[in-house]
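S.K.:
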Amino acid sequence: MATPVPSRGKLDPDSPFELHLQFRVPLWRLDSGTRRIQAALTQLGLTSPPVEVVFADDVLVTVSISAGTLGDAIHGRETTVAGIRHARRLAELLWDLDPVLVNSPQERT
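Residue numbers (the numbering used here): 3 to 111.
#1: Find out if the Cβ-Cβ distance for the pair Leu23, Pro101 is shorter than 7 Å.
#2: If we count the other Cβ atoms within 10 Å of its Cβ and call it buried at 16 or more, is Gly35 buried or exposed?
#3: Which residue or residues does DSSP assign as beta-bridge partners of Glu20?
#4: Anyone know if the C-beta pair for Val27 and Val56 falls short of 7 Å?
#5: How would you write the range of the alpha helix (DSSP H) that Leu103 sits in, first residue to last?
#6: Here's the rule: buried if 16 or more other CB atoms are within 10 angstroms of the residue's CB, otherwise exposed. What is Asp98?
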């Protein structure tokens, strides 16, 4: 299910721009998987990003990484570039937890 695209003129350049990276942690790996996610966040210096956990057949852990504002993203500013680098590195560190970029913390594509 795709997120609706706002109509013209409704984008606020000061609104936050976040990357939501979701990991699938099997229940039998819950303890070690969540410890690995926390260790990777610490390694990258991401001290307190919003994290959402959803229990299903597996546990879905979504980490929201700030990448500045929408205006920063449009202009390719360093805050956005740093957020993208952090998301990429986090996905590389936790590749075996099936990382995917999702539209919002509640959605898995």
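From the three backbone atoms N, C-alpha and C, an ideal C-beta is built for every residue, glycine too.
M.R.: Looking at the coordinates:
#1: Indexing the sequence shown from 1 puts residue 23 at position 21. Indexing the sequence shown from 1 puts residue 101 at position 99. Yes, they are a contact pair.
#2: Within the sequence shown, numbered from 1, the residue matching residue 35 stands at position 33. Classification for Gly35: buried.
#3: Your numbering for residue 20 matches position 18 in the sequence shown. Answer by DSSP bridge pairing, in chain order: Ser68.
#4: Stepping through the sequence shown from its first residue, residue 27 is reached at position 25. Stepping through the sequence shown from its first residue, residue 56 is reached at position 54. Not closer than 7 Å, so no.
#5: Translated into positions along the sequence shown, residue 103 becomes position 101. Counting along the chain, Leu103 sits inside no alpha helix (DSSP H); it lies in the beta strand (DSSP E) bounded by residues Val102 to Val104.
#6: One-based indexing of the sequence shown puts residue 98 at position 96. That one is exposed.
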